[in-house]
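Report on the following structure.
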Amino acid sequence: MALLRRAGAALGARLAVSLTGARGIAALQPSQQLGLAQQQQQPTWAQQPWQQQRGFAAEPAAAAAPLPPPPDVYVRLPQPVSEPYAVPHKRVYAVVEVGGTQYKVAPNDLIVTEKLAGVDVNDRLQLRRVLLLGSAAETIIGRPYVPEAAVTAAVEEQFLDGKVLIFHKRRRKNSRRLRGHRQPLTTLRILDVHGIAEAPGTTTAAAAEAPDAADALVPRVVGGVGAAALVVNHLLGGEPSEAQMRAEVLGVALAAVAVATPAVEQRLKELTPGRGRQAAASSVPGATSVFSLQPDLPEATKQELAWASYALLRNTNICGLVAFWEGRALLARGLVASAPPPAGGKADAVATLAALSAGLQPTATAPLSCADRAAISRAGAAGWAGVPEGAESLLAQPLLPLAGDSQAADDGSGSAQRGVLLLLSERPRALSGKERAWAAAVAAKLHAALSA
């Protein structure tokens, strides 16, 4: 009780002081009340910033300049890609923002981004959100975007990514839900980078950086000279000792290893599947970079053909492919033999496929693999439609279901003549056994899509 009485007395005293202060303020003049209010609003010494506490004069903050509005992500150009094109080599790069992601790109690069609205295959786009430009001589950094800079790209395909399974499980019995999602994506081919010039002398530097075919002869020459020196030393010397014989055997073994090293390196590269592990050729003699689809095909069939060509070009060591079905060329993509343009006009996608359809088409009841140029000549494949003169190996894969598929018994042997998938490469022995098996699986999927 005593504690409660003391707390009540303290609260009453505070209330009395507050009322007395309020009466005192009310008794003041209005000007005096305003001055008192301003004094109460001023911060105490402990509330002041450290500059004012130590006697420094606070400088007024400069007003921030308003940022310019960001440019459009992309703009469709009026001229779509209507003919086979080749991207010129240019040693510049850019960091561009598209689809909510930043990409470092250079001419002839392929990027896969989120689906871009309002664009179609073969459209030409101008990507305007360029964050950085670079070459061998200079680097231009935007704040945040580089003014008057742009990247030109061509839409090569619109497709759906692999299915992502989402599994939900609740605590109740037999309460499960499985959902799948396929993200729509867009593939862009970078055509050019605008806003920065190529550094002078980069063409010579690029040629100097290119691997020289004569470099492979260096280990062989060293091994041959070493073996010849061992033979001369053995013939000119007297009776060789046991130690000299061991040294000569070791020298001959080292010479043999030096001679065989380039061939072993080449075989190891050929056994490694996947384009990401081997540099893709930017040009092939007698070939032009194309991407053509028959316009009268259903949209679902176009998506299957675009997916199949993209998967093969990304996961195998090929430079181009052509899909034939019932006497027509349905798809041509990558570096294939360029068709002559029609008289008085320009070559477009329809004309390219028509020229391939009119040429000599491959026919095979079983997969035909040509490992080198000599095998191509022996098989008579050098004159096939779409085969360039720079092709060093190819695979003619019939569009057939797999051996264990239920459609194999229904189609019979006649289905081999319905379609062929022609894969081309600029290097010999480019297609390993795993890659040929992958091509057979893709051909079976195309057979099911085209037969429906």
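Numbering (full-length UniProt numbering), first residue to last: 1 to 452. Glycine residues also receive a C-beta, built at the ideal position from the N, C-alpha and C atoms.
What is the residue span of the alpha helix (DSSP H) that residue i lies within?
{"i": "Gly226", "result": "217-236"}
{"i": "Tyr310", "result": "299-315"}
{"i": "Ala441", "result": "433-451"}
Once the 5 residues before and after residue i are set aside, which same chain residues still bring their CB inside 6 Å of it?
{"i": "Lys90", "result": "Pro107, Glu198"}
{"i": "Gly226", "result": "Ala255"}
{"i": "Gly237", "result": "none"}
{"i": "Glu156", "result": "Thr187, Arg189, Phe291"}
{"i": "Arg328", "result": "Ser357"}
{"i": "His194", "result": "Ala150"}
{"i": "Gly223", "result": "Ala255, Ala258, Val259"}
{"i": "Leu446", "result": "Ala308, Leu399"}
{"i": "Val92", "result": "Ser135, Val193, Ile196, Glu198"}
{"i": "Asn122", "result": "Pro80, Val81"}
{"i": "Ala443", "result": "Gln397, Leu399, Leu421"}
{"i": "Leu116", "result": "Thr186"}
{"i": "Trp325", "result": "Gly419, Leu450"}
Apart from the five residues on each side of it in sequence, which residues of its chain come closer than 7 Å, Cβ to Cβ, to residue i?
{"i": "Thr301", "result": "Ala449, Leu450"}
{"i": "Ala153", "result": "Leu125, Leu127, Leu188, Arg189, Ile190, Leu191"}
{"i": "Tyr85", "result": "Ser289"}
{"i": "Gly251", "result": "Gly226, Leu230"}
{"i": "Gly433", "result": "none"}
{"i": "Val350", "result": "Pro295"}
{"i": "Pro144", "result": "Leu131"}
{"i": "Glu148", "result": "Gly195"}
{"i": "Gln79", "result": "Arg124"}
{"i": "Gly390", "result": "Val284, Pro285, Gly286, Ala287, Glu426"}
{"i": "Val105", "result": "Tyr93, Ala94, Val96, Ile111, Val151, Ile190"}
Have a look at the DSSP bridge pairing and note the partners of residue i.
{"i": "Ser289", "result": "Leu335"}
{"i": "Gln126", "result": "Val75, Thr152"}
{"i": "Arg103", "result": "The amino acid occupying residue 103 in the given sequence is Tyr; Arg does not appear at that position. Answer by DSSP bridge pairing, in chain order: Val96."}
{"i": "Ser425", "result": "Ser393"}
{"i": "Leu191", "result": "The partner list for Leu191 (beta bridge, DSSP) is empty, contrary to what the question assumes."}
{"i": "Ser241", "result": "Answer is none; Ser241 lacks a bridge partner."}
{"i": "Glu265", "result": "Answer by DSSP bridge pairing: none, since Glu265 is not bridged."}
{"i": "Leu133", "result": "Ala94, Ile140"}
{"i": "Gly419", "result": "Trp325"}
{"i": "Val164", "result": "His181"}
{"i": "Gln294", "result": "Note: Gln294 sits in no beta bridge, so no partner."}
{"i": "Gly320", "result": "Gly334, Leu424"}
{"i": "Glu157", "result": "Thr187"}
Go through its chain and collect everything with a Cβ distance to residue i's Cβ below 8 Å, but skip five positions before and after it.
{"i": "Asp372", "result": "Glu392, Ser393, Pro428, Arg429"}
{"i": "Gly414", "result": "Bear in mind that the predicted position of Gly414 carries a pLDDT of just 44, short of 50, making it unreliable; the figure below should be weighed with that in mind. Within the same chain, Gly414 has no close Cβ partners at all."}
{"i": "Ala208", "result": "Its pLDDT being 43, under 50, Ala208 is placed unreliably in this model, and the value from its coordinates should be taken loosely. Once the five neighbours on either side are set aside, Ala208 has no close Cβ partner at all."}
{"i": "Gly180", "result": "Lys163, Val164, Leu165, Ile166"}
{"i": "Ala381", "result": "Pro362, Leu368, Cys370, Val387, Leu394, Ala396"}
{"i": "Glu138", "result": "Ile196, Ala199"}
{"i": "Ala102", "result": "Note on identity: in this sequence residue 102 is Gln, with Ala being the wrong assignment. Around Gln102: Val95, Val96, Leu131."}
State the start and end residues of the unbroken beta strand (DSSP E) segment that holds residue i.
{"i": "Leu110", "result": "110-114"}
{"i": "residue 453", "result": "Not covered by the structure: residue 453. The range shown for the chain is 1 to 452."}
{"i": "Ile141", "result": "139-141"}
### Task
Just list the beta strand (DSSP E) runs in the segment 323-407, keeping only unbroken ones of 3 residues or longer that don't cross its boundaries, in chain order.
328-337, 368-370, 393-398
### Message
Restricting to runs no shorter than 3 residues, where is the beta strand (DSSP E) found entirely within the segment 66-100?
### Response
74-76, 92-98
### Query
Contact between the segment 182-201 and the segment 223-237: three or more CB pairs below 8 Å?
no
### Query
Taking three-plus beta-carbon pairs below 8 Å as touching, is the segment 127-134 in contact with the segment 71-78?
yes
### Query
Does the segment 316-323 touch the segment 249-264, meaning 3 or more C-beta pairs lie closer than 8 Å?
no
### Meets three-Cβ-pair contact criterion under 8 Å: the segment 325-335 and the segment 307-314
yes
### Task
Decide yes or no for the touch test of the segment 111-121 against the segment 91-101: beta carbon pairs closer than 8 Å, at least 3 of them.
yes
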